[in-house]
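Some notes on the structure that comes next.
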Amino acid sequence: MKNEIILLGTQLVKDIEKLDRIIDEYIDPIKDITDTGQDILMPLKVINSLFVYNKKRKFKKFLISFAKSINDRKRESLEHERLEGYFKNEKNLNYFNDLIEKAIQSNSVYSSIILGYYAGLILSDEIEIKPKEIITLQALKELSDFELSCFTRIYACVNLAEEVDISKYKQLNGIQFLAELTIQKMIQVRMVEDPPERYGNSKNGRFLSTDIAEEIHSIIQLAGIEDELLNYQF
Numbered sequence: 096m097k098n099e100i101i102l103l104g105t106q107l108v109k110d111i112e113k114l115d116r117i118i119d120e121y122i123d124p125i126k127d128i129t130d131t132g133q134d135i136l137m138p139l140k141v142i143n144s145l146f147v148y149n150k151k152r153k154f155k156k157f158l159i160s161f162a163k164s165i166n167d168r169k170r171e172s173l174e175h176e177r178l179e180g181y182f183k184n185e186k187n188l189n190y191f192n193d194l195i196e197k198a199i200q201s202n203s204v205y206s207s208i209i210l211g212y213y214a215g216l217i218l219s220d221e222i223e224i225k226p227k228e229i230i231t232l233q234a235l236k237e238l239s240d241f242e243l244s245c246f247t248r249i250y251a252c253v254n255l256a257e258e259v260d261i262s263k264y265k266q267l268n269g270i271q272f273l274a275e276l277t278i279q280k281m282i283q284v285r286m287v288e289d290p291p292e293r294y295g296n297s298k299n300g301r302f303l304s305t306d307i308a309e310e311i312h313s314i315i316q317l318a319g320i321e322d323e324l325l326n327y328q329f
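Numbering (this note's numbering), first residue to last: 96 to 329.
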């Protein structure tokens with residue numbers, strides 16, 4: 096798998112027009128059990144087709160965003176020798192394998208895009224894998240489309256230098272309930288921190304920002320999907 100990842104980093108930008116073939120080769124086709132000709136199995140064929148299509152769609156989004164990330168760093172490709180050295184550390188190789196799998200299995204196609212751009216940053220800068228990177232990966236796998244949209248709307252307007260209370264921001268009044276649910280999820284996946292207890296003051300809609308959440312918001316901007324998430328229709 097290490098050689099395939101190195102090939103991904105060194106050749107993808109040059110071969111971006113070949114994404115369909117690359118994706119088909121990466122994702123093993125599931126055996127078509129409908130070859131028996133039994134009509135009763137047709138629903139299974141449809142489900143199988145949708146499953147494979149969804150995985151391919153997410154992987155394609157991941158790859159395109161990965162290539163954009165490398166291009167944005169002014170690199171035509173990543174040097175083979177440098178990647179060999181980076182992946183000699185098994186922790187880095189295991190993390191990158193996991194990153195690709197989570198991008199495909201994520202709850203949101205937007206997460207696949209964000210993780211693609213994030214992967215490009217990790218390889219371009221040879222980022223050392225620490226708890227922050229592990230939390231970021233797991234959080235992005237778990238968030239849904241509407242949660243990423245709420246997150247983006249929150250981070251587009253609040254003051255992150257202080258404890259955030261979304262009830263103070265009129266821009267968020269129309270989505271306050273969904274925003275509160277999103278904040279609960281963000282705390283659960285450790286993207287943000289639980290606010291301190293205050294007598295007579297509910298924790299709903301309150302949180303403390305972290306470097307993890309702020310970096311995710313920055314990647315959303317760099318990947319060019321902020322406007323799409325701000326205008327996502329619930």
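Note that the Cβ used here is the ideal one computed from N, Cα and C, for glycine as well.
Neighbourhood of residue i by C-beta, 7 angstroms cutoff - its chain only, sequence neighbours within 5 removed
| i | result |
| --- | --- |
| Gln266 | Cys252 |
| Tyr264 | Cys252 and Val253 |
| Asp167 | Leu317 |
Through-space distance from residue j to residue i, alpha-carbon basis
| i | j | result |
| --- | --- | --- |
| Asn184 | Ile282 | 31 angstroms |
| Asp322 | Asp240 | 14 angstroms |
| Thr129 | Phe272 | Below a pLDDT of 50, predicted positions are generally treated as unreliable, and Thr129, at 44, falls in that range; no measurement from the model is reported. |
| Gln233 | Leu194 | 9 angstroms |
| Ser313 | Val147 | 31 angstroms |
| Thr131 | Asp220 | Only weak support exists for where Thr131 lies, its pLDDT of 46 falling under 50; the value from the coordinates is given anyway. Their backbone Cα atoms lie some 51 angstroms apart in a straight line. |
| Leu188 | Ser262 | 43 angstroms |
| Tyr181 | Ile307 | 23 angstroms |
| Tyr151 | Tyr190 | The question names Tyr, yet the displayed sequence has Lys at residue 151. Cα to Cα, Lys151 sits roughly 21 angstroms from Tyr190. |
| Ile230 | Val259 | 21 angstroms |
| Lys225 | His175 | 24 angstroms |
| Glu228 | Asn149 | 25 angstroms |
| Glu292 | Ser203 | 32 angstroms |
| Ser297 | Lys280 | 16 angstroms |
| Pro124 | Lys186 | With a pLDDT of 49 at Pro124, under the threshold of 50, the modelled position of that residue is not reliable, and no figure is offered here. |
Option in the options with minimal Cα separation from residue i
| i | options | result |
| --- | --- | --- |
| Leu325 | Phe246, Tyr181, Ile217 and Glu257 | Phe246 |
| Pro290 | Glu257, Ala308 and Arg168 | Glu257 |
| Phe329 | Gly269, Ile315, Ile311 and Glu310 | Gly269 |
| Glu309 | Lys186, Ile249, Ile159 and Asn192 | Ile249 |
Contact set for residue i: own chain, Cβ-Cβ below 6 angstroms, skip 5 residues either direction
| i | result |
| --- | --- |
| Ser207 | Lys153, Lys156, Phe157, Ala198 and Ser201 |
| Ala214 | Phe161 and Leu194 |
| Tyr327 | Ser244 |
| Ile159 | none |
C-beta atoms of residue i and residue j nearer than 8 angstroms
| i | j | result |
| --- | --- | --- |
| Phe302 | Ile278 | yes |
| Leu210 | Leu235 | yes |
| Asn299 | Glu275 | yes |
| Thr305 | Val284 | no |
| Leu375 | Leu243 | Residue coverage of the chain in this structure runs from 96 to 329, which leaves residue 375 outside it and unanswerable. |
| Ser164 | Tyr212 | yes |
Test: residue i CB closer than 8 angstroms to a CB of chain D
| i | result |
| --- | --- |
| Leu276 | Looking at the structure shown, chain D is missing, and only one protein chain is on hand. |
Residues bridged to residue i (per DSSP)
| i | result |
| --- | --- |
| Val259 | Phe302 |
| Glu288 | Leu303 |
Cβ neighbours of residue i in the same chain (closer than 8 angstroms, five flanking residues each side left out)
| i | result |
| --- | --- |
| Ile311 | Ile209, Thr231, Ala234, Leu235, Phe246 and Met286 |
| Leu216 | Ser164, Arg168, Ile222 and Ile314 |
| Glu196 | none |
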